[in-house]
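For reference, the structure is listed below as structure tokens.
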Amino acid sequence: MNPHLVARAQELCVANDREELKALFANYYEHFGAIPLDDSDVTDSQAINDLVRENVILNGVTFFGHSQQFLKALRRVVDVWASSLEYTGALTASEISQRVLRKASRTTSGSDSYFTVQQLFSADENYLLKPRGFALPPIEVDVYLSDGCIHSKVTCTNLYGLYSMDDIDCPTDGVLKPPKPWLSLDTTVVEETNHNTCQNVRHLEIIIPEDAD
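Numbering of the sequence shown is given in numbering that gives the first Met the number 0, commencing with residue 0 and proceeding in unit increments.
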């Protein structure tokens with residue numbers, strides 16, 4: 000990340016200036032909206048374990064709570080493209096399906112998004128970064144054939160909040176209630192892959208939602 004923008008974000012956090020921090024993210028969306036990430040790295044077994052508790056949208060079709068149906072549908076879609084006379088790649092349908100499945104793991108996208116956001120605010124011990132208590136959006140998976148190549152695009156969103164330690168430590172009116180985040184942060188990891196060439200582009204978008212307090 001741009002060290003000057005990171006330093007500015009940390010300064011505004013220390014100064015408790017939420018409005019200026021929102022303005023910083025809005026004015027430099029081209030930076031905070033496209034932070035480069037390394038390729039995802041997760042085992043097949045971890046990817047399967049993640050899938051069991053996920054809602055997924057595959058090529059516009061929803062698979063909510065039906066992981067086995069999603070797996071079958073993914074393999075069927077990839078098999079159709081890999082069997083096409085237009086396909087010029089060397090990978091088999093099974094190999095591509097496993098690669099797509101690993102890229103759809105929330106373990107790696109969640110870890111990358113958390114630690115990237117944590118890097119922005121790690122200078123201030125008065126705040127704690129943790130997931131917000133909302134249902135997460137489904138993981139979106141698109142698989143398609145273009146110019147003889149099988150491509151995939153995986154989009155995974157995670158929701159975080161930056162919480163004031165004072166709000167966490169001090170109950171309101173003597174009643175312990177879940178604190179509201181001082182700042183809400185929505186993160187989205189997008190990974191686009193050409194499975195013929197194994198070229199991969201992966202980036203993180205960080206935004207402050209408009210309805211954030």
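Glycine included, C-beta positions come from ideal geometry on N, C-alpha and C.
query: N-terminal and C-terminal residue of the alpha helix (DSSP H) that residue 48 is part of; result: 43-51
query: Residue 152, enclosing alpha helix (DSSP H) - first and last residue; result: No alpha helix (DSSP H) contains residue 152, which is instead part of the beta strand (DSSP E) from 148-163.
query: Where the alpha helix (DSSP H) containing residue 3 begins and where it ends; result: 2-13
query: When 162, 115 and 129 are compared against residue 34, the one with the closest alpha-carbon; result: 115
query: Beta carbon of residue 149 nearer than 8 Å to that of residue 80; result: yes
query: Other residues of its chain near residue 58: CB distance less than 7 Å, five sequence neighbours each side excluded; result: 76, 141 and 142
query: Distance between residue 24 and residue 129 (C-alpha atoms, nearest Å); result: 19 Å
query: Cβ-based neighbour list, residue 95, same chain, cut-off 7 Å, excluding 5 preceding and 5 following; result: 77, 81, 149 and 194
query: Burial state of residue 179 (16 or more Cβ within 10 Å); result: exposed
query: Alpha-carbon to alpha-carbon, residue 36 and residue 203; result: 7 Å
query: Same chain, Cβ closer than 8 Å to residue 43, five either side skipped, listed in chain order; result: 97, 100 and 101
query: Exposure label - residue 63; buried when at least 16 CB within 10 Å; result: exposed
query: Close Cβ partners of residue 133 (< 6 Å) along its chain, the five nearest in sequence each way excluded; result: 158
query: As assigned by DSSP and simplified to three states, the class of residue 26; result: helix
query: Assigned secondary structure, residue 205 (DSSP; H/G/I helix, E/B strand, else coil); result: strand
query: Of the residues 67, 113 and 15, the one placed nearest residue 185, counting alpha carbons only; result: 113
query: Beta-carbon proximity check, residue 20 vs residue 127, cutoff 8 Å; result: no
query: Assigned exposure category for residue 107 - 16 Cβ within 10 Å defines buried; result: buried
query: For residue 104 and residue 39, believed in contact at Cβ under 8 Å, the rounded distance; result: 7 Å
query: Span of the beta strand (DSSP E), counted from its first residue to its last, around residue 86; result: Taken as a continuous stretch (DSSP letters only), residue 86 belongs to no beta strand (DSSP E), as it is neither H nor E.
query: Where residue 62 falls: helix, strand or coil (DSSP); result: strand
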